[in-house]
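This report refers to the structure that appears directly beneath it.
Now the structure itself:
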């Protein structure tokens, strides 16, 4: 494996850690900054919003920059954002730090895949992308639990300091090993992206992504307070539960890819959305029992990101038909839709916690996921009605999340 590819993988690990570690730290941050859980939840929403904006907009605006220069700038911004979070004097400054980090995140995953493929022969391009995204898988399995552990024992600020250290390591690795003068195609202009958004069938897939993940994050954003306040787990145990969740996600992602290969994307997505809705509904009833909620979280991880391979394959195939000149744009916008779903879910979950209570995030999230199931059925029905729609099949490559 080229050392440059390892540097990209370390970058993906750092970014994946900082995105999701906040979920395990929400009660700690809320108590320290003397804010409510819904306000703390905005730290998830606004980060995801930064990713959603950064991916399409900033990637287009930075298209003329050399790839290495842009990559180093992004990792510098990522590191600065985490250092600002470490030293944030209050809630507002912490929000600004999270938004800055989210902007770097969005552009990194827009250009990271193209850099990875340029480092290896063409026949190994897919493997190079898979290796880079392994950083995300490892982040969920080890980075997030470890970051939560650091936050619970040494303070949440120290978690961001540790992630900033990872950012420095990634910056040094990229500076040393990423070659200069990498060839790259200019990213799609904002006008091209707008044309993709004018395609109703692609908008339907983006809605499936946003609504499906929005429903899940209504509850997932507040997993730590659910575990502490309803199930009675100690703050120190939350990191262990996050570890269980991360391992389950890694397994479920592989399973979701194989299911999409075997059944086709829409059939697989319908099954996974139904299972996800069922798990979220069950969560409302098991949240008060530590053993039952642990089993629920294990099942939740297995289906939470299992629909990623199917959604990505499906949006590519739909783009090949309805917007063949902008397939990469459609894939990137689907990632933006994923993060818009996270932002909306975390925000909506905050309202539910404030008005109804933590327990209600589960069943309401289940209803939202059922809406994604309905959108998937509608898209599948439109595919069947259209006589020139070809079979939507492809070799799916599992990735941990849409970033």
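In the numbering used here, the protein residues as written are 684 to 1086.
Backbone N, C-alpha and C define an ideal beta-carbon position, used for all residues, glycine too.
Residue i classed as buried or exposed, judged by whether at least 16 other C-beta atoms fall within 10 angstroms
i, result
"residue 974", "exposed"
"residue 1017", "buried"
"residue 1064", "exposed"
"residue 713", "buried"
"residue 915", "exposed"
"residue 721", "buried"
"residue 835", "buried"
"residue 703", "buried"
"residue 717", "exposed"
Secondary structure of residue i, DSSP reduced to three states
i, result
"residue 750", "helix"
"residue 717", "coil"
"residue 780", "helix"
"residue 1039", "coil"
"residue 1069", "coil"
"residue 1064", "helix"
"residue 1078", "With a pLDDT of only 47 at residue 1078, under the threshold of 50, the placement of this residue in the model should not be trusted; the figure read from the coordinates follows. Note: residue 1078 maps to coil in three-state DSSP."
"residue 765", "helix"
"residue 1051", "helix"
"residue 723", "helix"
"residue 803", "coil"
"residue 919", "helix"
"residue 838", "coil"
Nearest candidate by alpha-carbon position, reference residue i, set the options
i, options, result
"residue 698", "938, 787, 839, 831", "787"
"residue 970", "1040, 1068, 720, 739", "1040"
"residue 1047", "1031, 858, 1057, 1060", "1031"
"residue 991", "1038, 1043, 972, 934", "934"
"residue 1067", "734, 950, 873", "950"
"residue 913", "800, 1045, 982, 819", "1045"
"residue 962", "879, 1053, 1014, 1026", "1053"
"residue 643", "696, 986, 1019", "A question about residue 643 goes unanswered here, because the residues of the chain that appear run from 684 up to 1086."
"residue 1038", "812, 708, 719", "719"
"residue 746", "784, 793, 815", "793"
"residue 848", "764, 919, 824", "764"
"residue 759", "857, 891, 749", "857"
Limits of the unbroken alpha helix (DSSP H) element including residue i
i, result
"residue 979", "973-987"
"residue 947", "No alpha helix (DSSP H) holds residue 947; DSSP gives it neither H nor E."
"residue 863", "Unbroken run through residue 863: none, as it is neither H nor E."
"residue 910", "That residue, residue 910, is in no alpha helix (DSSP H); it is neither H nor E in DSSP."
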